[in-house]
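**Student:**
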């Protein structure tokens, strides 16, 4: 989240590392996102890897309506996410980072091929922590998420391997039902 030139140069450097996905904040604006997309697609990149998927972060899953008001945003969370997702798509981003709660709305606004990465995933029985707009892995997939970000429910579990396996089983079961 910086001026377009700085973000473009940062993306150029990330591309040299062969990254698969790259996030930036949608609140940086259309020009910043477009600069990042252009930098990722530059033909003379120093790697043979395909360009990374540029994702624009909409509203952090740790933020609820009252948090938006603190920073001067009075629109409903859903409206902000929808507007930022549309802006990201117009600027050429391949997708967004957003709560799965807004995934169906994003699909309506941006289409089925627009990638949605969803943090704030909490399996049943796991504390939300600082996350305010959480869903379970199954709910996220049912809502249309393409990728799930699951950190603390695994990292902070008494048995991280078992936690990861349980989550993978829930995801597999959800995918079978589709």
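Numbering (the working numbering), first residue to last: -8 to 169. Idealized CB from N, CA, C, for every residue including glycine.
Rounded to the nearest angstrom, what separates residue 99 and residue 12 at their Cα positions?
**Tutor:** One C-alpha to the other measures close to 23 Å.
**Student:** According to DSSP, is residue 106 helix, strand or coil?
**Tutor:** The answer is strand: DSSP assigns residue 106 an E or B state.
**Student:** So which of 2, 145, 106, 96 has the shortest CA-CA distance to residue 119?
**Tutor:** Selected option, being the one with the closest Cα: 145.
**Student:** Given residue 132, which residues of its chain have a CB within under 6 Å of its CB, disregarding the five upstream and five downstream residues?
**Tutor:** Excluding residues within five positions, the ones whose Cβ falls inside 6 Å are 165.
**Student:** Can you tell me which of the three DSSP states residue 179 falls into?
**Tutor:** Past the edges of the chain, shown from -8 to 169, lies residue 179, and the structure says nothing about it.
**Student:** In whole angstroms, give me the CA-to-CA distance for residue 87 and residue 139.
**Tutor:** So the two alpha carbons sit approximately 12 Å from each other.
**Student:** Just to confirm the assignment, what range does the alpha helix (DSSP H) spanning residue 72 have?
**Tutor:** That run of the alpha helix (DSSP H) goes 68 to 81.
**Student:** With a threshold of 6 Å on Cβ separation, who are the neighbours of residue 150 within its own chain once the five nearest residues in sequence on each side are excluded?
**Tutor:** No residues qualify anywhere along the chain.
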